[in-house]
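Read the structure below first, then the notes.
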Amino acid sequence: MQFPDLIPILQVAVGPVILISGVGLLLLTMTNRFGRIIDRTRQLSRELRTAQSPEREGALAQLDILLTRARIVRAAIAAASVSVLLAAVLIIVLFGSALFGLSLAATVVGLFTSCLVSLIGSLVLFIRDVNLSLRALRLEVGAAGDTAR
Numbered sequence: 240m241q242f243p244d245l246i247p248i249l250q251v252a253v254g255p256v257i258l259i260s261g262v263g264l265l266l267l268t269m270t271n272r273f274g275r276i277i278d279r280t281r282q283l284s285r286e287l288r289t290a291q292s293p294e295r296e297g298a299l300a301q302l303d304i305l306l307t308r309a310r311i312v313r314a315a316i317a318a319a320s321v322s323v324l325l326a327a328v329l330i331i332v333l334f335g336s337a338l339f340g341l342s343l344a345a346t347v348v349g350l351f352t353s354c355l356v357s358l359i360g361s362l363v364l365f366i367r368d369v370n371l372s373l374r375a376l377r378l379e380v381g382a383a384g385d386t387a388r
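According to the numbering used here, the sequence shown holds residues 240 to 388 in order.
Right, here's the structure in full:
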């Protein structure tokens, strides 16, 4: 393979590289969110040890939501990580096919499609987590309103 043959391959590989960068930022957001969920769960668990009956029920409901959210965010992180992994494999396949003169169009399409499906799954899970966090907020605001009365 000569240098001019490499330029089109580099141009094609730019898309997956940009995808890796974007999903990396998404992963950063998700891992920060996961850390916040873990911190809030620990804090609520400590408060639960000394809570009285009405506060205890609200804290238990919030803990249940937090545990569900932690599982959802963990799955979203896993799906986003799979997306990055598939994009990296895609880049290797692109260069390998160019280097060895192989026609791997079906493999490239399959990898790229799988990469995007993983990304979509991750985003759907992320949206689900945001909705659950609003449910937990409603519980907390409702409890605060009850004590203000």
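Where a beta carbon is used, it is the ideal one built from N, C-alpha and C, also for glycine.
Considering residue i, what are the terminal residues of the alpha helix (DSSP H) in which it resides?
i: residue 300; result: 292-339
How close, in whole Å, do the beta carbons of residue i and residue j come, if the pair is a contact with beta carbons under 8 Å?
i: residue 322; j: residue 358; result: 4 Å
i: residue 273; j: residue 312; result: 5 Å
i: residue 298; j: residue 286; result: 6 Å
i: residue 347; j: residue 362; result: Incorrect: roughly 23 Å between the Cβ atoms, too far for contact.
i: residue 309; j: residue 268; result: Going by Cβ atoms, the distance from residue 309 to residue 268 rounds to 15 Å, so no, they are not a contact pair.
i: residue 326; j: residue 364; result: Contact doesn't hold; Cβ gap of about 18 Å is too wide.
Cβ pair count under 8 Å reaching 3, the stretch 287-307 against the stretch 322-339: Proximity of the stretch 287-307 to the stretch 322-339 falls short of the contact definition, fewer than three beta-carbon pairs being nearer than 8 Å.
For the 8 Å Cβ check, are there 3 or more pairs between the stretch 283-293 and the stretch 249-260? They do not touch, by the three-pair rule.
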